[in-house]
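Take a look at the structure below.
2 protein chains.
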Amino acid sequence: MAHKSRDQNIFRGVATVPKIVDHDERRLELVDATWRIIARQGLEGATMREIAMEAGFANGALKPYFPTKDTLLEFAFSHVFNRTNQRIAEVTEGKSGLAALRAFCLEVLPLDEERINEARIVIPFWQRAVNDAQKAGVHQRSMDEWLAAIRRCLQEARDSGDVTAAVDNHVLAGQLLNMLLGAQIEAALAPEGRTDFGHAAQLEGYLALLGKIPGGK
Amino acid sequence: MAHKSRDQNIFRGVATVPKIVDHDERRLELVDATWRIIARQGLEGATMREIAMEAGFANGALKPYFPTKDTLLEFAFSHVFNRTNQRIAEVTEGKSGLAALRAFCLEVLPLDEERINEARIVIPFWQRAVNDAQKAGVHQRSMDEWLAAIRRCLQEARDSGDVTAAVDNHVLAGQLLNMLLGAQIEAALAPEGRTDFGHAAQLEGYLALLGKIPGGK
DNA sequence: GTTTATTTTCTATAGTTGTAGAGAATAAAC
DNA sequence: GTTTATTCTCTACAACTATAGAAAATAAAC
């Protein structure tokens with residue numbers, strides 16, 4: 004507790020003042036402010052000034068942490084996926100097959116206010132990504148991971164007999180992923196306050212479709 | 004052919020010069036230029052100057068046809084739906100049930116360069132609509148129509164025995180619509196040139212899932 | 001207290017944007 | 001040719017933007 008090490012603050016024998024703010028942590032705070040602004044005012048309203056003010060700072064205060072606006076946005080967008088992926092990991096922990104798949108989808112679907120706000124952030128991200136190969140890559144990498152995870156669950160579910168549909172796992176995974184993405188749009192465009200879009204029922208209905216007679220004509 | 008009527012050019016007994024350009028037609032040309040710019044440079048690159056230049060005019064030339072940029076964008080966005088809906092009408096003409104549903108989806112899915120470009124336009128539109136209730140309304144009205152059309156097809160397909168799944172039509176329609184929307188995202192974010200995303204196979208797979216044993220548990 | 005590095009504010013700047021509107025160019029009717 | 005309404009170009013402008021960077025404020029170490 005007392006006597007904190009000073010080693011990291013000694014440079015060429017000269018004692019220096021330690022950093023006061025944790026830069027990584029500050030970056031996350033700024034990302035949070037950025038999310039709030041985008042969710043509330045859209046990408047158009049997300050100016051450096053607005054974001055700084057939302058985070059409680061003046062105009063130029065973001066510079067030392069994000070040299071340009073694009074850096075900030077890219078980081079902010081990436082972290083939507085980071086956060087979602089972390090929640091997915093928590094929620095699918097120890098599960099497999101249909102149970103894991105259900106948990107995965109329920110975590111991605113915009114079923115509460117928080118995730119509807121994330122949908123309001125991911126859509127501006129997609130819009131940027133349409134004409135920005137690097138951002139599109141961030142999206143693509145996450146989607147590839149998701150597709151692989153979904154296929155893994157499907158195969159496990161087949162092995163245990165929960166999935167019997169005579170449709171290839173690759174095709175099913177693509178369907179399901181597109182359903183998840185489409186749900187984001189429906190939720191993000193709905194008037195503020197709506198939270199029930201029947202997405203959970205759609206998921207259950209879809210999973211039910213997978214468990215019919217094997218190879219049935 | 005000769006002697007074109009002058010009636011519409013007489014105002015209070017004074018002969019006036021007839022309008023030279025068809026304003027409605029010009030508006031459509033401008034919308035077309037707007038689409039091209041958005042597809043190529045994104046919404047950020049869609050400035051009034053760029054759009055005017057793309058249409059072959061100088062800076063202020065759009066004013067008489069669209070008083071503000073927002074007017075132009077709203078009109079341009081609406082026409083994406085108009086065009087799609089018109090194609091849908093042509094393609095489903097005379098069909099019903101599963102055949103109509105298939106034709107409907109094949110027309111909405113981004114299966115060729117033209118419709119992938121439309122996906123690149125609809126995503127910026129969605130982004131705007133997230134924080135613009137009026138634009139969100141344009142989207143919502145089309146989606147409500149589409150949902151109704153899909154449910155109608157599903158019911159017809161049930162009546163003829165092509166659909167036997169023990170899942171409510173409302174739920175199925177929601178699933179399918181979200182799949183169609185999600186496909187737009189995948190196509191729009193893919194690197195230029197890719198055109199095959201397996202969406203047609205996904206559609207066939209989905210329709211196959213609907214035709215299994217009725218109510219089978 | 002002083003010193004020193006870090007952090008933040010604030011002003012300045014160069015560029016871009018939508019929009020306005022005067023004037024030039026255009027084309028039909030006579 | 002002239003007249004007249006329409007159409008378009010071009011300049012102007014006010015607002016806003018990201019960014020740069022000097023200066024002030026801050027906080028730890030002594």
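Protein chains in written order, with the numbering used here: chain A, 4 to 220; chain B, 4 to 220. A virtual CB, placed ideally from N, CA and C, is assigned to each residue, including glycine. In this text the structure is predicted, and so the values were computed from the model without any measurement.
Against M182 (chain A), the close residues of chain B are Q178, N181, M182 and G185, in the order they occur along the chain (beta-carbon pairs closer than 7 angstroms). Annotation: the continuous alpha helix (DSSP H) that includes L75 (chain B) extends over K72 to T95.
Taken in chain order, the members of the segment 144-172 of chain B whose beta-carbon sits within less than 8 angstroms of a beta-carbon on chain A are M146, A168, A169, V170 and D171. Residue nearest to Q130 (chain A) within the set A:L46, A:V34 and A:E93 is A:L46 (criterion: CA-CA distance).
Your pair Q158 (chain B) and N172 (chain B) checks out as a contact, with CB atoms roughly 6 angstroms apart and the cut at 8 angstroms. Contact annotation for H26 (chain A) against chain B: no contact, minimum CB-CB distance about 29 angstroms [criterion: below 7 angstroms]. In this structure, A103 (chain B) places its C-beta atom within 8 angstroms of the C-beta atom of C156 (chain B). Here the alpha carbons of I23 (chain B) and R123 (chain A) stand approximately 45 angstroms from one another.
Contacts with chain A at 8 angstroms (Cβ-Cβ) include Q130 (chain B). Annotation note: the segment 148-172 of chain B contains no uninterrupted alpha helix (DSSP H) run of length 4 or greater.
At a Cβ-Cβ threshold of 8 angstroms, V111 (chain A) and T87 (chain A) count as neighbours.
For the set A:G97, A:A79 and A:F107, the Cα lying nearest the Cα of R90 (chain A) is the one of A:F107.
Residue contact check for L31 (chain B) against chain A: no CB pair falls below 8 angstroms. In the displayed model, R105 (chain A) falls within a helix according to three-state DSSP. For T37 (chain B), the enclosing alpha helix (DSSP H) begins and ends at H26 to Q44. Contact between I41 (chain B) and P127 (chain B) holds, with the beta-carbon distance rounding to 6 angstroms and staying under 8 angstroms. Straight through space, the alpha carbons of D135 (chain B) and P194 (chain B) are spaced by roughly 29 angstroms. In the three-state DSSP reduction, R144 (chain A) falls in the helix class (H, G or I). The closest CA to that of T167 (chain A), considering only A:S99, A:V133, A:L213 and A:P70, is found on A:L213. V133 (chain B) belongs to the set of residues whose beta carbon lies under 8 angstroms from a beta carbon in chain A. Counting every other CB atom within 10 Å of its CB across the protein chains shown gives Q187 (chain A) a total of 16 or more, marking it as buried.
Cβ neighbours of V125 (chain A) within its own chain (closer than 7 angstroms, five residues either side excluded): V83 and Q187. Taking 8 angstroms as the upper bound for CB-CB distance, V34 (chain A) and A79 (chain A) are in contact here, some 5 angstroms apart. When C-beta distances to chain A are compared with 7 angstroms, the residues of the segment 189-216 of chain B below that value are E189, A191, L192, P194, G201, A204, Q205, G208, Y209, A211, L212, K215 and I216, in chain order. Each residue's CA atom was taken as its position, placing D162 (chain A) and W149 (chain A) some 20 angstroms apart. Against A136 (chain B), the close residues of chain A are P194, in the order they occur along the chain (beta-carbon pairs closer than 8 angstroms). Taking every protein chain shown into account, the CB of G63 (chain A) has fewer than 16 other CB atoms within 10 angstroms, so this residue is exposed.
Using a Cβ-Cβ cut-off of 8 angstroms, A139 (chain A) is close to L192, A193 and P194 of chain B, given in chain order.
By the neighbour-count definition (other C-beta atoms within 10 Å, threshold 16), E189 (chain B) is a buried residue. In this structure, T71 (chain A) sits away from I54 (chain A), with a CB-CB distance that is not shorter than 8 angstroms. Taking a Cβ-Cβ threshold of 7 angstroms, the residues of chain B close to I126 (chain A) are W129, Q130 and V133, in chain order. Ranking B:R39, B:A151 and B:L192 by CA distance to the CA of L175 (chain B) puts B:A151 first. For R123 (chain A), a Cβ of chain B is located within less than 8 angstroms of the residue's own Cβ. Between A61 (chain B) and G100 (chain B), the C-beta gap is not smaller than 8 angstroms, which leaves the two residues out of contact. Chain-order list of chain A residues neighbouring V174 (chain B): G201, A204, Q205, E207, G208 and Y209, by C-beta distance under 9 angstroms.
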